[in-house]
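Undergrad: Protein chains in written order, with my numbering: chain A, 3 to 118; chain B, 724 to 835.
One structure coming up, written as structure tokens, with questions to follow.
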């Protein structure tokens with residue numbers, strides 16, 4: 003149980019285009035979803051927290067107009083990187099909590115974004 | 724300032740030995756601490772969670788300790804195997820339902 007599916011697993015795009023990454027909880031309702039970014043050999047850095055039906059809360063330094071997060075249902079959150087630039091190339095990982103609220107996070111497989 | 728540090732970037736041990744990884748934190752008061760395993764190009768996978776009022780947790784060959792006075796957690800893998808080679812992440816949880824704060828990880832290599 004508690005599977006989080008992330009898609010696509012990798013994407014290459016041209017500079018200036020927008021890329022959407024989907025995160026789905028397959029067998030549970032995700033009350034809260036978190037989006038992290040990870041650069042090589044670095045820690046996972048929290049970008050934003052989203053609750054179903056409400057606006058995402060962004061961490062300091064994360065541009066909300068650049069990284070659009072939508073959490074339309076209890077099983078789906080999307081991250082759209084708008085007008086992507088090479089410096090946005092990174093590994094984006096979503097995670098979710100379930101209603102049990104044990105503290106454990108369930109992670110997706112991650113999406114590797116490369117902006118040319 | 725707030726910090727979470729894992730003792731070394733890399734740890735190399737021989738098969739069959741016990742691997743011990745350290746996680747120290749500063750200026751946090753976590754309600755719980757978690758350890759995750761991450762393989763290259765993959766998302767983290769949950770291993771163990773230990774709460775602030777617990778001293779030790781075990782799961783098969785894994786053992787975690789949590790000392791809130793020392794602000795430190797130790798993560799042990801006994802009888803290590805090459806398949807245990809991965810990056811292990813320590814993460815602090817301040818409150819259930821909120822995001823975890825991650826360390827940089829320690830990359831463990833177990834040689835046969």
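From the three backbone atoms N, C-alpha and C, an ideal C-beta is built for every residue, glycine too.
Do residue 26(A) and residue 104(A) have their beta-carbon atoms positioned less than 8 angstroms apart in this structure?
TA: no
Undergrad: Going by alpha carbons, who is nearest to residue 118(A) out of 36(A), 88(A), 108(A), 37(A)?
TA: 88(A)
Undergrad: Distance check for residue 808(B) and residue 786(B), CA to CA, integer angstroms please.
TA: Here the alpha carbons of residue 808(B) and residue 786(B) stand approximately 16 angstroms from one another.
Undergrad: Skipping 5 residues on each side, what residues in its chain have a beta carbon closer than 7 angstroms to that of residue 32(A)?
TA: 76, 77, 98, 99, 100
Undergrad: What are the boundary residues of the beta strand (DSSP E) that includes residue 87(A)?
TA: Residue 87(A) -> no beta strand (DSSP E), and no H or E assigned at all.
Undergrad: What is the residue span of the beta strand (DSSP E) that residue 76(A) lies within?
TA: Residue 76(A) -> no beta strand (DSSP E), and no H or E assigned at all.
Undergrad: What residues from chain A crowd round residue 744(B), counting only those whose CB sits closer than 8 angstroms?
TA: Correct list: empty, because the minimum Cβ distance to chain A is about 15 angstroms.
Undergrad: Within the same chain, show all residues whose beta-carbon is closer than 7 angstroms to that of residue 17(A), passing over the 5 residues directly before and after it, in chain order.
TA: So the list reads 86, 87, 88, 117, 118, once near-sequence residues are dropped.
Undergrad: Name, please, each residue of chain B whose Cβ falls closer than 7 angstroms to the Cβ of residue 79(A).
TA: Chain B residues near residue 79(A): none, gap ~13 angstroms exceeds 7 angstroms.
Undergrad: DSSP state of residue 809(B), grouped into three classes?
TA: strand
Undergrad: Taking 8 angstroms as the CB-CB limit, is residue 71(A) close to chain B?
TA: Interface annotation, residue 71(A): not in contact with chain B, CB-CB separation never under 8 angstroms.
Undergrad: Starting from residue 110(A), find everything on chain B with Cβ-Cβ shorter than 9 angstroms and list it in chain order.
TA: 766
Undergrad: Going by DSSP, what residue range makes up the beta strand (DSSP E) through residue 715(B)?
TA: Absent from the model: residue 715(B). The displayed extent of chain B is 724 to 835, so no value can be given.
Undergrad: Let me know the beta strand (DSSP E) ranges lying completely inside the segment 742-772 of chain B, each 3 residues or longer, listed in chain order.
TA: Fully enclosed beta strand (DSSP E) runs of 3 or longer: 742-749, 755-761.
Undergrad: Is the Cβ-Cβ distance between residue 8(A) and residue 111(A) less than 8 angstroms?
TA: One thing to note: residue 8(A) has its Cβ within 8 angstroms of the Cβ of residue 111(A).
Undergrad: Take residue 19(A) and list the residues in its own chain whose beta-carbon comes closer than 7 angstroms to its own, dropping the five residues that flank it on each side.
TA: Within the same chain, 86 come within 7 angstroms of residue 19(A) by CB-CB distance, once the 5 residues on both sides are set aside.
Undergrad: Mind listing the chain B neighbours of residue 106(A)? Cutoff is C-beta to C-beta under 8 angstroms, in chain order.
TA: 757, 769, 772
Undergrad: Pull up the DSSP beta-bridge partners for residue 8(A), would you.
TA: 25(A)
Undergrad: Do residue 759(B) and residue 772(B) have their C-beta atoms closer together than 8 angstroms?
TA: no
Undergrad: Touching or not, the segment 40-50 of chain A and the segment 820-830 of chain B, by the rule of three or more beta carbon pairs under 8 angstroms?
TA: yes
Undergrad: For residue 15(A), which residues of its own chain have a beta-carbon under 8 angstroms away from its beta-carbon, when the five flanking residues on both sides are left out?
TA: 21, 86, 115, 116, 117, 118
Undergrad: How is residue 804(B) classed by DSSP in three states: helix, strand or coil?
TA: Note: residue 804(B) maps to coil in three-state DSSP.
Undergrad: Between residue 731(B) and the rest of its own chain, which residues show a CB-CB distance below 7 angstroms, the 5 nearest in sequence each way excluded?
TA: 829
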